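J.: Numbering (UniProt numbering), first residue to last: 381 to 678. We put the beta carbon where it would ideally sit given N, CA and C, even for glycine. Note that the coordinates shown come from a computational prediction; the quantities given were computed from them, not determined experimentally. Dropping a structure here in structure tokens format, bear with me for questions.
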Amino acid sequence: KRMTQMTYRDVTREREITENLERSTAELQRLNQMKDSFLGLASHELKTPLTVILGYSDILLDEMADVVGEEALPMLQHIDEAANRLSNIVRDMVDVSMLDSHALRLRERVVDINEVIRQALKEIEYFFTVRKQSHELRLAEHLPLIKCDPDRLVQVITNLVVNSIKFTPDGGRITVETRLSYRLKYMGERDEEENDDWRRIGRAPAPFVEILINDTGIGIDGADQVRVFEKFYEVGIIEEHSTGKVAFKGKGTGLGLTIVKGIVEMHGGEVWVESPGCDPDHFPGSTFHILLPIPSES
Ligand code: ADP
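Shown next as structure tokens:
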């Protein structure tokens, strides 16, 4: 009983700890805000000079190759490649900071999701060939139309499929599927049993268009399946696969899935990943799911 009695020293110590904790929390919040505004500022400041570099290197490469000369041409190509890479990183940074500050605006239209998927795959066809990977489309017919920003959804799909290509060995397979899916609740609740139990709860489930992107790649551990959507998060990168055949590398920003999640949630949807785990020797694969709400008049 005496143990539970707090002495004056205990109380003082406890207060000190609480105060310290409050101070560090406030400091962390301040640093986090600084990081976010830096992200926004830096990316916008980088955009203009990059446009100049890319603009001129494109002109030099496309129209003035003879003036540039044989010796300088490979250097110019390196500059152009690096500038393009940098420009992709900056674009991701701008997107994340716009999502953070709620400055991103959707240009919504009523569209057939299958068309959006076909468009996205056309843009990245080349990567499949390079990696000798096959891809399969299993698109449901007669899906209801949805209201969305098709350009942003093309960005979401290409992002996810390019990830699949990146983390799947040569010769692997990537499948993109669409289907009609009825869900009672979707945000954070994917319990199939509860979904089937909707009669008991007395509310009708809502219809969604579901997109599934499945690969035969290295997979993602359970503990990482939520974290991969966090800003700057990358799973410990495997530099070189043990067989020496494949190098699984991130493109190094860890922002791709953060943007995917941000855009999908702006559409009132949800995205998550399922995988038996990460195994770079046996390739258990991953499946990314996207749910997009179907407007009631559709
Ligand atoms: P990055 O821009 O670095 O690719 P992302 O946000 O797109 O970052 O992805 C974060 C991390 O999630 C990746 O670095 C990778 O470890 C993991 N990841 C994403 N997609 C897949 C996939 N299809 N298979 C296995 N791991 C994946």
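1) Between the region 488-500 and the region 537-557, do at least 3 Cβ pairs fall closer than 8 Å?
2) Can you tell me which of the three DSSP states residue 399 falls into?
3) Thinking just about the alpha-carbon of each residue, which of 670, 661, 425 is nearest to the one in residue 593?
4) So the candidates are 664, 430, 653, 636; which of them puts its Cα closest to the Cα of residue 479?
5) Taking C-beta to C-beta, are residue 613 and residue 597 nearer than 8 Å?
6) Secondary structure at residue 641, three-state DSSP: helix, strand or coil?
7) What does the alpha-carbon distance come out to for the pair residue 460 and residue 416?
8) The ligand ADP and residue 602: does the residue's C-beta get closer than 7 Å to at least one heavy atom of that ligand?
9) Given a cut-off of 8 Å, decide if residue 599 and residue 666 are closer than it, judged by their beta-carbon atoms.
10) Decide if residue 649 is buried, meaning its Cβ has at least 16 other Cβ atoms within 10 Å, or exposed.
11) Considering just the uninterrupted stretch of the alpha helix (DSSP H) at residue 530, what are its terminal residues?
12) Can you list, in chain order, the residues of its chain with a C-beta nearer than 7 Å to that of residue 559? Leave out the 5 residues immediately preceding and following it.
T.: According to the structure data:
1) Touching, yes, given that three or more Cβ pairs across the two stretches are closer than 8 Å.
2) Within the sequence shown, numbered from 1, the residue matching residue 399 stands at position 19. In the displayed model, residue 399 falls within a helix according to three-state DSSP.
3) Reading the sequence shown from its first residue, position 213 is the one you call residue 593. That would be 670, whose Cα lies nearest to the Cα of residue 593.
4) Numbered from its first residue, the sequence shown carries residue 479 at position 99. The shortest CA-to-CA distance from residue 479 to any of 664, 430, 653, 636 is the one to 636.
5) To locate residue 613, count along the sequence shown from 1; it is residue 233. To locate residue 597, count along the sequence shown from 1; it is residue 217. Taking 8 Å as the Cβ cut-off, residue 613 and residue 597 do not qualify as a contacting pair.
6) Locating residue 641 in the sequence shown gives position 261, counting from the first residue. When DSSP states are grouped into helix, strand and coil, residue 641 belongs to the helix group.
7) Looking up residue 460 in the sequence shown gives position 80. Looking up residue 416 in the sequence shown gives position 36. The straight-line gap from Cα to Cα measures roughly 29 Å.
8) Taking the first residue of the sequence shown as position 1, residue 602 is located at position 222. Result no, Cβ not under 7 Å from the ligand ADP.
9) The residue given as residue 666 occupies position 286 in the sequence shown. The residue given as residue 599 occupies position 219 in the sequence shown. In this structure, residue 599 lies closer than 8 Å to residue 666 by Cβ.
10) Sequence index remark: in the sequence shown, residue 649 carries index 269 (1-based). Its Cβ being crowded by 16 or more others within 10 Å, residue 649 is buried.
11) If you number the sequence shown from 1, residue 530 lands on position 150. Here the alpha helix (DSSP H) through residue 530 covers 530-546.
12) Within the sequence shown, residue 559 is the residue found at index 179, counting from 1. Around residue 559: 520, 590.
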